[in-house]
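K.L.:
Let me begin by handing over the structure; questions about it come next.
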């Protein structure tokens with residue numbers, strides 16, 4: 004009887020250790036995302052990014068007028 008109870012206790016211990024290791028693997032690690040677009044603007048529209056402290060944002064932009072009257076023909 005002592006041998007049987009020892010085998011049962013060892014078996015239960017192994018099962019509990021396996022269950023504990025599986026429950027530890029179920030929790031996903033939080034992975035934070037930084038610099039989604041790496042700029043505050045995407046083409047000509049704004050993105051969700053904001054500038055960090057101490058960052059200089061220098062832009063040179065130019066918008067062309069009508070090219071052969073394509074945008075405002077008349």
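Residue numbers (the numbering used here): 4 to 77. Glycine included, every Cβ here is placed at the ideal spot set by N, Cα and C. Quantities reported herein were computed from a predicted structural model and do not represent experimental measurements.
Does the distance from the CB of residue 52 to the CB of residue 61 come in under 9 Å?
P.N.:
It is not a contact, given that the beta carbons lie outside the stated cut-off.
K.L.:
Classify residue 15 as helix, strand or coil using the three-state DSSP reduction.
P.N.:
Helix.
K.L.:
For residue 21 and residue 11, I'd like the C-alpha separation in whole angstroms.
P.N.:
Distance between the alpha carbons of residue 21 and residue 11 is about 15 Å.
K.L.:
Residue 47: which of 63, 4, 7 sits nearest, CA to CA?
P.N.:
Among 63, 4, 7, the Cα nearest to that of residue 47 is on 63.
K.L.:
Is the beta carbon of residue 50 sitting closer than 9 Å to the one on residue 43?
P.N.:
In contact: residue 50 and residue 43 (Cβ atoms closer than 9 Å).
K.L.:
Apart from the five residues just before and just after residue 54, which ones in its own chain have a Cβ nearer than 7 Å to its Cβ?
P.N.:
Hits under 7 Å: 43, 60.
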